[in-house]
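Each remark here refers to the structure printed beneath this line.
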Amino acid sequence: MNTATKLGSYVLGLAVVFGGALGVGKVVGPVGSPPAEDHAAMAVPVASPAHGDEHGAQPAENDTPGGLQVSENGYTLNPLTTTLKPGEPTDFRFSVTGPDNKAVTDYQVEHDKKLHLIVASRDLGTFRHVHPEMAPDGVWSVKLTLPSAGAYRVFADFAPTGGSALTLGADLVATGGYRPEALPKQSRTAKVDGYTVSLDGELTPGQSSKLTLKVSRDGKPVTDLQPYLGAYGHLVALRARDLAYLHVHPDGEPGDGKTVAGPEIVFYAEVPSTGDYRLFLDFQHEGKVRTADFTLGAGERPAIPEATPTPTPTSDGHADDGHGH
Ligand SMILES: [Cu+2]
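Using this note's numbering, you'd call the opening residue of the sequence shown number 203 and step up by one each time.
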C-alpha cells in the first residue's frame with residue numbers, strides 16, 4: 203500500500219487506516235495532539251531517518267487490508283515452521299525476504315519492537331501477540347504454544363528500513379483432529395483474570411470510529427495501567443471470515459502530559475466493510491500483560507441464518523409491561 207498517498211487521502215482525526223501495520227503511514231497521531239516521534243515519522247515519511255530520500259517508484263494505491271497476503275510490495279513472509287503440535291512449546295521460525303530476494307535484516311523499531319507477531323486461530327477464539335528474536339541471518343524465532351489442534355494464521359507486522367509498514371500473513375497448522383468453534387457472540391464486556399473491560403462506541407465501515415475501552419477490577423476503575431510497548435493498550439481487530447488485520451492505536455500515549463493511565467483507553471479504528479470483527483486488547487497492569495477480547499459488528503449486516511429459538515410465550519400469566527422484549 204502506498205502509505206504516503208493513503209495518509210494524504212485522510213484529513214482529520216483518523217488514527218487508523220485499515221491494513222494497518224504498526225508503522226509508517228498506517229497509523230497517525232491522535233486528533234489535535236502534537237505527533238509523537240514515531241507518529242511524526244509516519245505522518246511525514248520523508249522526514250524520518252529511514253526515509254531520508256525519495257521513495258522512488260511505489261506500487262499503486264491498494265486498499266487491500268493487511269494480513270491477507272503472504273507477499274506485498276516485494277516483501278515475502280517465509281515460514282520455516284508450518285505445523286506444530288498443540289500443547290507443545292515449539293520454535294516458530296520464519297524470515298522475510300525483500301525485493302532483492304535476500305532475508306531482510308534491517309527493520310524500523312515500531313512500538314519498541316522491530317517486528318510484532320500476531321497468531322490467531324481461524325475461528326478467532328485464540329489470540330497471541332509475541333515478539334520474536336532475529337538471528338544475524340534474518341531468521342526470526344519465537345517459542346509458541348498453541349492450545350489446541352486447528353488452523354491458525356500468523357501475522358508479521360513490521361516496517362523494513364527504507365520501506366513502508368506491512369502486515370504479511372501465512373497459515374500455520376496445529377496438527378490433530380479439531381472442531382472449529384463458532385465465532386464468539388457479540389459482546390461489549392470481557393472478563394480476564396479478575397478484570398472487566400467494557401467497550402463503548404460503534405464500528406462504522408469507512409469511517410474513523412472512536413472506541414473507548416474501560417478497565418476495572420472488582421468493580422473499581424483501574425487508574426494505574428502501565429505502559430506496554432509505548433502505549434496503555436494495543437488493540438488488534440481481525441475481520442471474521444477472512445482474518446483481515448487491523449492494528450489500532452490509542453489516542454494519546456504515556457508521558458504526553460494528558461493521557462491518563464486508565465481506566466479508559468481511547469482508540470480510533472477504521473474498518474473497511476460491514477461484518478463482524480474480533481477485537482483483542484492487550485493491556486498491562488501490575489507487571490502482567492493480559493488480553494481482553496470482544497466481538498463487534500460493523501454496519502448493517504445481512505442476517506446470519508442461525509437456529510434461533512422461537513420466543514416462548516409466557517405461561518405464568520403476568521401482565522406484559524407494554525415495552526415488548
Ligand atoms: Cu507487538
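Glycine included, C-beta positions come from ideal geometry on N, C-alpha and C.
At which residue ranges does the stretch 310-373 contain complete beta strand (DSSP E) runs of 3 or more residues, listed in the order of the chain?
Correct list: 317-323, 329-332, 341-346, 352-360.
In this structure, how does DSSP classify A249 when only helix, strand and coil are distinguished?
Only weak support exists for where A249 lies, its pLDDT of 34 falling under 50; the coordinates are left without a value.
Would the beta-carbon of G269 fall within 8 Å of that of L445?
It is a contact, given that the beta carbons lie within the stated cut-off.
Is the Cβ-Cβ distance between S319 and F357 less than 8 Å?
Per the sequence shown, residue 319 should be read as Leu rather than Ser. Yes; because the gap between Cβ atoms is below 8 Å, this pair is in contact.
Measuring CA to CA, which of Y380, S411, N303 is closest to V473?
Closest option to V473, judged by alpha-carbon separation, among Y380, S411, N303: S411.
Just how far apart, CA to CA, sit P407 and G371?
Their Cα atoms are separated by approximately 23 Å.
How would the residue list near ligand 1 read, in chain order, if you kept each one whose beta-carbon is closer than 6 Å to any heavy atom?
Those residues that bring their Cβ nearer than 6 Å to a heavy atom of ligand 1 are K315, H318, H331, H333, L431.
Should Y277 and L368 be called a contact, given that it needs their Cβ atoms to be closer than 8 Å?
Inclusion of Y277 and L368 in the CB contact set at 8 Å is warranted, their separation being smaller than that value.
So who's on the other strand from P465, going by DSSP bridges?
None, per the DSSP bridge assignment.
DSSP-derived helix/strand/coil call for N275
N275: coil per DSSP, three-state reduction.
Buried or exposed by the 16-neighbour rule on C-beta atoms within 10 Å, applied to E404
Exposed, by the Cβ-count rule.
Integer-rounded CB distance, given that F469 should sit under 8 Å from V438:
The C-beta distance from V438 to F469 rounds to 11 Å, too long to fall under 8 Å, and the pair is not in contact.
Taking D453 as the reference, which of Y434, D426, D373, D265 has the closest Cα?
For the residues Y434, D426, D373, D265, the minimum Cα distance to D453 belongs to Y434.
Can you tell me whether DSSP reads L405 as helix, strand or coil?
Strand, per DSSP.
My output table needs one value for N303: the three-state DSSP class, helix, strand or coil.
If DSSP states are grouped into helix, strand and coil, N303 belongs with coil.
For P291 and M336, I'd like the C-alpha separation in whole angstroms.
Approximately 18 Å between the Cα atoms of the pair.
My output table needs one value for G396: the three-state DSSP class, helix, strand or coil.
Look at G396 here: in three-state DSSP terms it is coil, with no helix or strand label.
Opposite K287 in the DSSP bridges: which residues?
Its beta-bridge partners do not exist; DSSP assigns none.
Test item: CB-CB of T425 and P456 under 8 Å:
For the pair T425 and P456, the CB atoms are not nearer than the 8 Å cut-off.
Applying the 10 Å Cβ sphere with the 16-neighbour rule, what's the burial state of R330?
Result: buried.
From G231 to P267, what distance separates their C-alpha atoms?
Low confidence applies to G231: its pLDDT is 36, below 50, so where it sits in the model is not reliable, and the reading given next is rough at best. Looking at the two C-alpha atoms, the distance is approximately 20 Å.
State the start and end residues of the unbroken beta strand (DSSP E) segment that holds Q486.
It spans 477-487 - the beta strand (DSSP E) in which Q486 sits, taken as one unbroken run.
Give me the Cβ distance between Y354 and A322, rounded to the nearest whole Å; I'm assuming they're in contact under 8 Å.
Correct: roughly 7 Å between the Cβ atoms.
Any idea if L282 is buried or exposed, counting beta-carbon neighbours within 10 angstroms, 16 or more meaning buried?
So L282 counts as exposed.
Starting from P452 and walking both ways along the beta strand (DSSP E), at which residues does that stretch end?
It spans 447-452 - the beta strand (DSSP E) in which P452 sits, taken as one unbroken run.
Apply the 10 Å Cβ neighbour rule to K316 and answer buried if 16 or more other Cβ atoms are within range, or exposed otherwise.
Result: buried.
Roughly how many angstroms separate the alpha carbons of T299 and T398, rounded to a whole number?
T299 and T398 have their alpha carbons spaced roughly 41 Å apart.
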